[in-house]
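Student: For reference, the structure I am asking about is given below.
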Amino acid sequence: MTHTLFSPIKVGYMNLSHRVVLAPLTRFRAQLTHVPGPFAAIYYAQRASVPGTLLISEATYISQAAGGMDFVPGIYTQEQITGWKDVTDAVHEKKSFIFCQLWALGRAAFPDVLAKENNSPLVSASPIPLSISPTSVPHALTEPEIKTYIANYAAAARKSIEAGFDGVEIHSANGYLIDQFLQEVSNTRDDEWGGSIEKRARFAIEIVDAIVKEVGAERVGIRLSPWSPFQDMGTSDPMPQFTYLVRQLKKHNLAYLHVTEPRIGGNVDVDAPPESTNDLLRQIWCGEDNDSVFISAGGYTRQTAVETAEEKGGMIAFGRLYIPNIWCGEDKDSVFISAGGYTRQTAIETAEEKGGMVAFGRLYIPNSDILTGLIPITLFVLAVSPHPHLARIPETIIWMWMHILKHDISNQIQDPEEDKKNKPDRPLPAGRITIQNAAYVRWILVPVSLVFSAKYGKLALASSACAETLSIWYNNFGGDKGWLSKNLLTAAGYICVEVGAIIVAGPSPSIDGIGTRAITFNCAVFATTIHAQDFKDEEGDRSTGRHTLVTLFPTFSRMSMVISIPLWSFCLSRLWKVDYICSAAFIIYGMIVGVRFAVYRTTSANRQSCKLYSLWFTIAHLLPGYWRFFYSS
Numbered sequence: 001m002t003h004t005l006f007s008p009i010k011v012g013y014m015n016l017s018h019r020v021v022l023a024p025l026t027r028f029r030a031q032l033t034h035v036p037g038p039f040a041a042i043y044y045a046q047r048a049s050v051p052g053t054l055l056i057s058e059a060t061y062i063s064q065a066a067g068g069m070d071f072v073p074g075i076y077t078q079e080q081i082t083g084w085k086d087v088t089d090a091v092h093e094k095k096s097f098i099f100c101q102l103w104a105l106g107r108a109a110f111p112d113v114l115a116k117e118n119n120s121p122l123v124s125a126s127p128i129p130l131s132i133s134p135t136s137v138p139h140a141l142t143e144p145e146i147k148t149y150i151a152n153y154a155a156a157a158r159k160s161i162e163a164g165f166d167g168v169e170i171h172s173a174n175g176y177l178i179d180q181f182l183q184e185v186s187n188t189r190d191d192e193w194g195g196s197i198e199k200r201a202r203f204a205i206e207i208v209d210a211i212v213k214e215v216g217a218e219r220v221g222i223r224l225s226p227w228s229p230f231q232d233m234g235t236s237d238p239m240p241q242f243t244y245l246v247r248q249l250k251k252h253n254l255a256y257l258h259v260t261e262p263r264i265g266g267n268v269d270v271d272a273p274p275e276s277t278n279d280l281l282r283q284i285w286c287g288e289d290n291d292s293v294f295i296s297a298g299g300y301t302r303q304t305a306v307e308t309a310e311e312k313g314g315m316i317a318f319g320r321l322y323i324p325n326i327w328c329g330e331d332k333d334s335v336f337i338s339a340g341g342y343t344r345q346t347a348i349e350t351a352e353e354k355g356g357m358v359a360f361g362r363l364y365i366p367n368s369d370i371l372t373g374l375i376p377i378t379l380f381v382l383a384v385s386p387h388p389h390l391a392r393i394p395e396t397i398i399w400m401w402m403h404i405l406k407h408d409i410s411n412q413i414q415d416p417e418e419d420k421k422n423k424p425d426r427p428l429p430a431g432r433i434t435i436q437n438a439a440y441v442r443w444i445l446v447p448v449s450l451v452f453s454a455k456y457g458k459l460a461l462a463s464s465a466c467a468e469t470l471s472i473w474y475n476n477f478g479g480d481k482g483w484l485s486k487n488l489l490t491a492a493g494y495i496c497v498e499v500g501a502i503i504v505a506g507p508s509p510s511i512d513g514i515g516t517r518a519i520t521f522n523c524a525v526f527a528t529t530i531h532a533q534d535f536k537d538e539e540g541d542r543s544t545g546r547h548t549l550v551t552l553f554p555t556f557s558r559m560s561m562v563i564s565i566p567l568w569s570f571c572l573s574r575l576w577k578v579d580y581i582c583s584a585a586f587i588i589y590g591m592i593v594g595v596r597f598a599v600y601r602t603t604s605a606n607r608q609s610c611k612l613y614s615l616w617f618t619i620a621h622l623l624p625g626y627w628r629f630f631y632s633s
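According to this note's numbering, the sequence shown is numbered sequentially starting from 1.
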């Protein structure tokens with residue numbers, strides 16, 4: 001028997017396949033311009049894996065003045081709309097739905113961030129600061145300013161639909177601006193926006209009115225947190241205020257009402273009073289006919305979610321448990337696991353304790369260099385070396401890692417603005433390490449890598465020195481500024497790493513004819529196709545004025561992929577005498593990859609195409625091994 005939690009439900013105009021919702025989760029992964037980060041589309045698409053899923057986005061600023069934290073997305077500029085379009089396209093490709101949660105921080109903003117961005121004041125319903133920052137007294141919004149905020153909410157809703165969102169959720173919870181107007185602990189006004197239950201609810205109601213007029217009630221939801229003590233909120237009995245508000249909201253026939261459970265206070269678990277419950281709000285909202293959608297969130301396990309849905313209906317939103325369970329919309333215990341003891345504080349402490357090693361490893365070297373560098377070259381070494389010492393493979397990986405790491409650190413130091421656009425999670429643009437400290441690491445690695453290389457002979461040492469020279473040319477003397485020099489220098493550096501890796505893997509201090517031929521053709525393949533990696537960074541490169549083949553010749557660069565990848569697939573198959581069946585499969589795959597670059601041109605599609613290219617590139621590196629295994633005597 002199918003549990004109610006995994007049964008279909010209609011929400012607004014959407015027909016959902018189950019009742020599990022992705023709760024809004026602040027990610028702090030956006031760019032400094034509040035454009036969604038490069039991995040946002042992947043993150044949301046993963047959690048849309050079960051068709052017919054409803055996702056609610058991370059909280060998103062309605063305007064610059066409504067912000068006050070770095071690395072949080074917005075929905076008020078065209079660049080942000082374009083960034084979100086990639087996300088919504090990715091979700092819709094999975095046949096799922098996504099609402100944008102609209103956010104204004106109010107007194108919860110950081111004054112220094114507001115000052116840095118546009119010198120906006122810290123604002124709230126009343127001049128009452130948060131207890132953790134008593135000197136940061138907010139400015140009480142005037143009536144014209146309140147009207148501006150209402151208009152900004154409506155404009156953000158319209159732009160959300162333009163960005164492809166299926167609707168919007170109004171963030172009225174957790175002590176942010178709307179909640180600050182709603183609750184008497186933060187609203188001591190005596191005008192038309194405070195002083196009574198009705199007047200404290202007016203701000204929220206007028207925002208709902210404006211958004212409904214802009215996009216339609218079936219595209220609007222709202223989130224409340226009646227019991228949450230987060231950010232100095234909460235009273236002994238919040239029900240009079242919230243029952244009034246819910247009754248007024250009921251008249252609008254919204255898509256849903258989203259309410260956090262008493263056991264949750266913002267982003268932490270709390271001890272809820274025994275008498276605290278949202279049942280009255282659910283009863284008012286759903287009515288006798290249970291005809292309105294009520295989403296409950298906060299501290300649910302699979303079992304309690306199943307039980308609540310069976311007993312009360314509605315939907316259940318998961319946050320922490322949705323992170324490791326992207327398939328949790330399916331009625332299978334095997335894909336719905338616990339968070340394994342995860343806590344935010346544990347994660348933070350672990351990151352602080354091990355941050356140095358994490359930065360040296362995964363964070364300094366982007367995935368693109370792992371996929372087109374470490375992995376294929378390691379496999380290439382195994383394929384090309386006549387009798388590689390398997391025991392030396394870890395040493396080979398360390399040797400490659402040091403040389404790629406040096407180059408990437410130098411690249412981050414030279415192009416911080418480009419990284420802010422394309423790779424904001426890297427240590428330098430994210431602010432996890434200073435440029436000065438990164439420079440220390442980079443120059444310490446130079447003698448270390450040379451000494452390490454000398455251990456394996458003159459050719460390994462020469463490869464290391466040559467790679468370092470090319471890296472300096474590329475990063476310090478403008479080699480990356482022209483598309484041709486960029487590709488040629490990268491290809492030459494790639495040869496140096498391949499040569500050095502083969503020598504380190506042993507056993508010979510030189511490279512035989514097969515290795516020389518393989519390296520030569522790899523260089524040609526790399527030089528003529530590696531601009532595939534520039535497609536995923538195209539938007540950021542254009543915004544920073546960086547010249548790549550993709551930004552200068554967009555049509556030519558895509559058509560070159562259509563021609564070069566299948567052509568190289570054919571040539572390499574013949575060069576290494578691959579049998580006809582395997583050759584045909586490799587050529588067909590190359591055609592698919594090449595054509596995909598020309599046909600699918602969104603940012604999310606470009607990233608997927610780059611992944612497929614990386615696989616093609618890796619297979620190309622394995623072909624010499626086919627020849628050596630079957631034909632070499």
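Even for Gly, the Cβ is constructed at its ideal location relative to N, Cα and C. Quantities reported herein were computed from a predicted structural model and do not represent experimental measurements.
Are the beta-carbon atoms of THR372 and GLN533 separated by less than 8 Å?
Tutor: Translated into positions along the sequence shown, residue 372 becomes position 372. Translated into positions along the sequence shown, residue 533 becomes position 533. Taking 8 Å as the Cβ cut-off, THR372 and GLN533 qualify as a contacting pair.
Student: With distance defined between alpha-carbon atoms, name the residue in VAL137, SER131, ILE132, ILE323 nearest to PRO121.
Tutor: Translated into the one-based positions of the sequence shown, residue 121 becomes position 121. When only C-alpha atoms are compared, the closest one is VAL137.
Student: When you compare each of MET239, ILE56, ARG247, ILE222 to PHE165 by their alpha carbons, which one comes out closest?
Tutor: The residue given as residue 165 occupies position 165 in the sequence shown. Its Cα nearest to that of PHE165, the residue ILE56 stands out among MET239, ILE56, ARG247, ILE222.
Student: Check TYR176 in the structure and name its three-state DSSP category.
Tutor: Position 176 of the sequence shown holds residue 176. Looking at TYR176 - three-state DSSP - the assignment turns out to be coil, as it is neither helix nor strand.
Student: So who's on the other strand from THR260, going by DSSP bridges?
Tutor: For the purposes of this step, residue 260 is taken as the residue at position 260 of the sequence shown. Per DSSP, ALA297.
Student: Between the Cα of ILE91 and the Cα atoms of VAL72, ALA45, TYR76, SER133, which residue gives the shortest distance?
Tutor: In the sequence shown, residue 91 corresponds to position 91, counting from 1. Correcting the residue identity first, residue 91 is Val in this sequence and not Ile. Here the closest residue by C-alpha is ALA45.
Student: Are LYS199 and GLU206 close, meaning C-beta to C-beta below 8 Å?
Tutor: By one-based count along the sequence shown, residue 199 stands at place 199. By one-based count along the sequence shown, residue 206 stands at place 206. Cβ atoms of LYS199 and GLU206: not closer than 8 Å.
Student: Mind checking who ALA140 pairs with in its DSSP beta bridge?
Tutor: Against the sequence shown, residue 140 aligns to sequence position 140. SER124.
Student: For GLN180 versus ASN174, is the C-beta distance shorter than 8 Å?
Tutor: Counting from 1 along the sequence shown, the entry for residue 180 is found at position 180. Counting from 1 along the sequence shown, the entry for residue 174 is found at position 174. Cβ atoms of GLN180 and ASN174: not closer than 8 Å.
Student: Got a sec, what are the start and stop residues for the beta strand (DSSP E) PHE553 sits in?
Tutor: The residue given as residue 553 occupies position 553 in the sequence shown. Where PHE553 is concerned, there is no enclosing beta strand (DSSP E), given that its DSSP letter is neither H nor E.
Student: Give me, in chain order, the residues of the same chain whose beta-carbon lies closer than 7 Å to that of VAL381; leave out the 5 immediate sequence neighbours on both sides.
Tutor: Sequence index remark: in the sequence shown, residue 381 carries index 381 (1-based). If you ignore the 5 residues before and after VAL381, its C-beta comes within less than 7 Å of the C-beta of PRO388, THR396, ALA501, ILE502, ALA505, all in its own chain and listed in chain order.
Student: Quickly, what does DSSP pair HIS171 with across the bridge? List them, please.
Tutor: By 1-based counting over the sequence shown, the position of residue 171 is 171. Partner(s): ARG223.
Student: Per DSSP, ILE588 is paired with what?
Tutor: In the sequence shown, residue 588 corresponds to position 588, counting from 1. None, per the DSSP bridge assignment.
Student: According to the Cβ coordinates, are HIS252 and VAL212 closer than 8 Å?
Tutor: Numbered from its first residue, the sequence shown carries residue 252 at position 252. Numbered from its first residue, the sequence shown carries residue 212 at position 212. Yes, they are a contact pair.
Student: Roughly how far, in whole angstroms, is the beta-carbon of VAL637 from the beta-carbon of ALA255, given that I think they are within contact range, below 8 Å?
Tutor: In the structure as shown, the chain starts at 1 and stops at 633, and residue 637 therefore has no counterpart that could be examined.
Student: Using the C-alpha atoms, what's the distance from TRP627 back to LYS634?
Tutor: Nothing about residue 634 can be reported from this structure: the residues present for the chain run from 1 to 633 only.
Student: Which residues in the same chain as GLY299 place their Cβ atom closer than 7 Å to its Cβ, once the five residues preceding and following it in sequence are excluded?
Tutor: Within the sequence shown, residue 299 is the residue found at index 299, counting from 1. The answer, listed in chain order, is GLU261, ARG263, ILE264, ASP269.
Student: For SER57, which three-state DSSP category applies?
Tutor: Sequence index remark: in the sequence shown, residue 57 carries index 57 (1-based). Reduced to three states, the DSSP call for SER57 is strand.
Student: Could you say which of PHE39, ALA41, SER96, ARG47 lies nearest to TYR13 if we only look at CA atoms?
Tutor: If you number the sequence shown from 1, residue 13 lands on position 13. Closest option to TYR13, Cα to Cα, is SER96.
Student: What did DSSP end up calling VAL499 once you bin it into helix, strand or coil?
Tutor: As a first step, residue 499 must be located in the sequence shown, where it is residue number 499. If DSSP states are grouped into helix, strand and coil, VAL499 belongs with the helices.
Student: Report all residues from its chain with a CB closer than 6 Å to the CB of ARG344; omit the five preceding and five following residues, and keep chain order.
Tutor: Taking the sequence shown and counting its residues from 1, one reaches residue 344 at position 344. A caution first: ARG344 carries a pLDDT of 48, below 50, which makes its placement in the model unreliable, though a value can still be read off. Correct list: empty, nothing qualifies.
Student: Buried or exposed: LYS85, going by 16 or more other Cβ atoms within 10 Å of its Cβ?
Tutor: Position 85 of the sequence shown holds residue 85. It is buried - the Cβ of LYS85 has at least 16 other Cβ atoms within 10 Å.
Student: Where does GLY625 fall in DSSP's three states?
Tutor: The sequence position of residue 625 within the sequence shown is 625, counting from 1. Helix at GLY625.
Student: Hey, would you say TYR153 sits closer than 8 Å to ALA210, going by beta carbons?
Tutor: The sequence position of residue 153 within the sequence shown is 153, counting from 1. The sequence position of residue 210 within the sequence shown is 210, counting from 1. With contacts defined as CB atoms closer than 8 Å, TYR153 and ALA210 qualify as a contacting pair.
Student: So, with DSSP's three-state summary, where would you put VAL11?
Tutor: Mapped onto the sequence shown, residue 11 falls at position 11. Residue state, collapsed to three classes: strand.
Student: Quick one: give me the first and last residue of the alpha helix (DSSP H) that LEU470 is part of.
Tutor: Taking the sequence shown and counting its residues from 1, one reaches residue 470 at position 470. First-last of the alpha helix (DSSP H) with LEU470: 458-476.
Student: If you draw a straight line from the C-alpha of LYS147 to the C-alpha of ILE178, how long is it?
Tutor: In the sequence shown, counting from the first residue as 1, residue 147 sits at position 147. In the sequence shown, counting from the first residue as 1, residue 178 sits at position 178. Rounded to whole angstroms, LYS147 and ILE178 show a C-alpha spacing of 13 Å.
Student: What residue does the alpha helix (DSSP H) around MET400 start on, and which one ends it?
Tutor: Your numbering for residue 400 matches position 400 in the sequence shown. Its alpha helix (DSSP H) spans residues 393-414.
Student: Thinking C-alpha only, which one of LEU182, GLU117, ASN118 is nearest SER124?
Tutor: On the sequence shown, position 124 is the one that residue 124 refers to. SER124 has its Cα closest to that of LEU182, out of LEU182, GLU117, ASN118.
Student: For the alpha helix (DSSP H) that ALA41 lies in, which residues bound it at each end?
Tutor: Counting from 1 along the sequence shown, the entry for residue 41 is found at position 41. From DSSP, the alpha helix (DSSP H) with ALA41 extends over 40-46.
Student: Consult DSSP for GLY319 and reduce its assignment to one of helix, strand or coil.
Tutor: Walking along the sequence shown from the start, residue 319 turns up at place 319. GLY319 falls in the coil class under three-state DSSP.
Student: Apply the 10 Å Cβ neighbour rule to VAL599 and answer buried if 16 or more other Cβ atoms are within range, or exposed otherwise.
Tutor: Residue numbering aside, residue 599 sits at position 599 when the sequence shown is read from its first letter. VAL599 comes out exposed.
Student: Under a Cβ-count criterion, where at least 16 other Cβ atoms within 10 Å of its own Cβ denotes burial, should TYR631 be classed as buried or exposed?
Tutor: Here residue 631 corresponds to residue number 631 of the sequence shown, with the count starting at 1. Exposed, because fewer than 16 other Cβ atoms sit within 10 Å of the Cβ of TYR631.
Student: Report, in whole angstroms, the separation of the C-beta atoms of LYS406 and SER471, which I expect to be a contact under 8 Å.
Tutor: Against the sequence shown, residue 406 aligns to sequence position 406. Against the sequence shown, residue 471 aligns to sequence position 471. At roughly 6 Å, the Cβ-Cβ gap stays under 8 Å, so LYS406 and SER471 are in contact.
Student: Grouping DSSP H, G and I as helix and E and B as strand, with all else coil, what is PHE99?
Tutor: Residue 99 sits at position 99 when you count from the first residue of the sequence shown. In the three-state reduction of the DSSP assignment, PHE99 falls in the strand class.
Student: Per the DSSP calculation, VAL21 is bridged to which residue(s)?
Tutor: The count along the sequence shown starts at 1 and reaches residue 21 at position 21. Per DSSP, LEU54, ALA317.
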